[in-house]
Amino acid sequence: MKKFLKILGIVILIIIVGILGYTYISFNSYSPGKVEYEVDQSKMKYFEDSYESCRESFINSADMCCERFFKVEIFSKAVPSGVDSTLKIDFCYVPAQKESKKLLILTSGVHGIEGFVGSAVQQMIIDQYLKTGMPDDLGVLFIHGINPYGFKYTRRVTENNIDFNRNCDTEMTLFSSENAGYTDLYDMLNPKGKVISGSLKNKFFMLVAINKLMQESMSALRQAVLQGQYEYPEGLYYGGNNFEPQLSIIGEVISEKSADYDTILNIDLHTGYGARGVLHLFPNPVEDLNVKQKMEEIFTGYQIDWGDSDDFYTINGSFSDYIGKLIPDKFYLPMTFEYGTLNSQTTIGSVKSIHNMILENEGKRFGYQSERDSLKVLENFVEMYYPTSEPWRSKIMNDTYIIMEQLFDRF
Ligand SMILES: [Zn+2]
571 MKKFLKILGI VILIIIVGIL GYTYISFNSY SPGKVEYEVD QSKMKYFEDS
621 YESCRESFIN SADMCCERFF KVEIFSKAVP SGVDSTLKID FCYVPAQKES
671 KKLLILTSGV HGIEGFVGSA VQQMIIDQYL KTGMPDDLGV LFIHGINPYG
721 FKYTRRVTEN NIDFNRNCDT EMTLFSSENA GYTDLYDMLN PKGKVISGSL
771 KNKFFMLVAI NKLMQESMSA LRQAVLQGQY EYPEGLYYGG NNFEPQLSII
821 GEVISEKSAD YDTILNIDLH TGYGARGVLH LFPNPVEDLN VKQKMEEIFT
871 GYQIDWGDSD DFYTINGSFS DYIGKLIPDK FYLPMTFEYG TLNSQTTIGS
921 VKSIHNMILE NEGKRFGYQS ERDSLKVLEN FVEMYYPTSE PWRSKIMNDT
971 YIIMEQLFDR F
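My numbering puts the first residue of the sequence shown at 571, with every later residue one more than the last.
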């Protein structure tokens, strides 16, 4: 009996060590895999390495477009800031050339760091689609770099640690939205102290997450973390307690430009959520069946991941929904393009993604133990929103090209 217990003890120990080892290795050597796709060199020129060069290229593309259309307007608006007086949002408005019926509003950089890919996509669309042959009852408004602070300083949030895509509404009641699930996860999401990327806490972060997963389902956790919170200004996914200054600046332009049109479609460009190299159509759920039907018609042949489906989530204070509230008498279609990078639809990809964000926010708040820790964390963070892989870049550009071709046809 004693011998049996001893053997049983050893077996249990081996199983525990095995599970720990497996979790440790699979989490710390995690890779979302390669995107197999032929590199399209003609698209690489759109990818720039700084906020300033993205702005410059966007304005250049917009300038070229003036030669092809009448009454194009290109202008910039400064965003008030306590840390940088050069932050600007750029606009390019190409009005419908004959009859104003439909307006496409293509927006980038709501999450600052995602502006690099957003800028590349916007430039490509100006270059490739805004040519003769475009429907003459269609106007297009490009808004570039909506969160210029985050864009310039490679953060997702604004300078006030606000997730701008949780900060948009026409009513202040947004800021009293509750998120009890977040409070339960607060300590996991917002650790305190200098970042040591090789600490046990970080190396075994997957176990902490598994522990939470044993109490709640993945979709419940995802929802609690991602929907936005208005209680902890230092925390992840903070939506603020007041509107960020660019909201009214952009709101004014959108109200003015959309006045002449009946139907308005917004495509808000994002990166970081979903399967690597895949363009997800990921709008918040819409209640109006006519709107839903029209969106399904425009994007026929594509799967629309409405935010309330299993692997996705709904959010409060979204920018795209805000536009609809701003122009309630228009037929308004809110769409989000989300280019996946880390396979966040899988459990491990999703834990890895949130861990990258946790470390970046902790580093911003408390600093890093060493230069090496800082480099490592920031490199992972940037890679998550702006992948260096050329096949990834080629694929998302070509997929966007194809979907836009259909869109100009069907919208
Ligand atoms: Zn985003």
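Note that the Cβ used here is the ideal one computed from N, Cα and C, for glycine as well.
Taking 8 Å as the cut-off, the beta carbon of residue 807 is found no closer than this to the beta carbon of residue 760.
In the displayed model, residue 836 falls within a strand according to three-state DSSP. Around the CB of residue 634, fewer than 16 other CB atoms lie within 10 Å, so the residue is classed as exposed.
Here DSSP, grouped into helix, strand and coil, assigns residue 816 to helix. Not one heavy atom of ligand 1 sits closer than 7 Å to the Cβ of residue 822. Within the model, the alpha-carbon separation for residue 970 versus residue 580 is close to 55 Å.
A distance below 8 Å separates the beta carbons of residue 838 and residue 680. Ranked by Cα distance from residue 902, the options 908, 909, 892 and 911 are led by 892.
Every unbroken stretch of the beta strand (DSSP E) spanning 3 or more residues and falling wholly within the region 705-743 is given here in chain order: 708-714. For residue 961, the CB contacts under 8 Å within the same chain, skipping 5 residues up- and downstream, are 604, 605, 606, 607, 608, 609 and 847 in chain order. Beta-bridge partners assigned by DSSP to residue 645: 661. Around the beta carbon of residue 965, 16 or more other beta carbons sit within 10 angstroms, so the residue counts as buried. At a threshold of 7 Å, residue 854 does not count as near ligand 1, since its beta carbon sits no closer than that to any of the ligand's heavy atoms. Cβ-Cβ distances below 6 Å link residue 686 to 956 in the same chain, with the five nearest sequence neighbours on each side left out; the list follows chain order. DSSP places residue 587 within a helical segment (H, G or I) once states are collapsed to three. When secondary structure is reduced to three states using DSSP, residue 753 falls in the helix class. Relative to ligand 1, the nearest heavy atom lies less than 7 Å away from the CB of residue 684. The Cβ neighbour count for residue 974, taken over all protein chains shown within 10 Å, is at least 16; the residue is labelled buried.
DSSP links residue 956 through a beta bridge to no other residue.
Counting every other CB atom within 10 Å of its CB across the protein chains shown gives residue 725 a total of 16 or more, marking it as buried.
Sequence-distant Cβ neighbours of residue 877 in its own chain, meaning closer than 8 Å and more than five residues away, are 852, 853, 854, 855, 883, 884 and 885.
Inclusion of residue 749 and residue 799 in the CB contact set at 8 Å is warranted, their separation being smaller than that value. Remark: the shortest separation between the CB of residue 681 and any heavy atom of ligand 1 falls under 7 Å. Judged by the Cβ position, residue 714 fails to qualify as a neighbour of ligand 1 at the 7 Å threshold, every heavy atom of the ligand being at least this far.
Less than 8 Å divides the Cβ of residue 809 from the Cβ of residue 733.
Set against 7 Å, the gap from the CB of residue 735 to the closest heavy atom of ligand 1 is smaller. In the DSSP assignment, residue 694 falls outside any beta strand (DSSP E) and lies within the alpha helix (DSSP H) extending over 685-699. Assignment of residue 870 by DSSP, reduced to helix, strand and coil, places it in the coil class.
Remark: C-beta atoms of residue 767 and residue 921 do not approach each other more closely than 8 Å. With fewer than 16 other Cβ atoms from the protein chains shown falling within 10 Å of its own Cβ, residue 763 counts as exposed. Going by DSSP, residue 929 is part of the alpha helix (DSSP H) stretching over 917-936.
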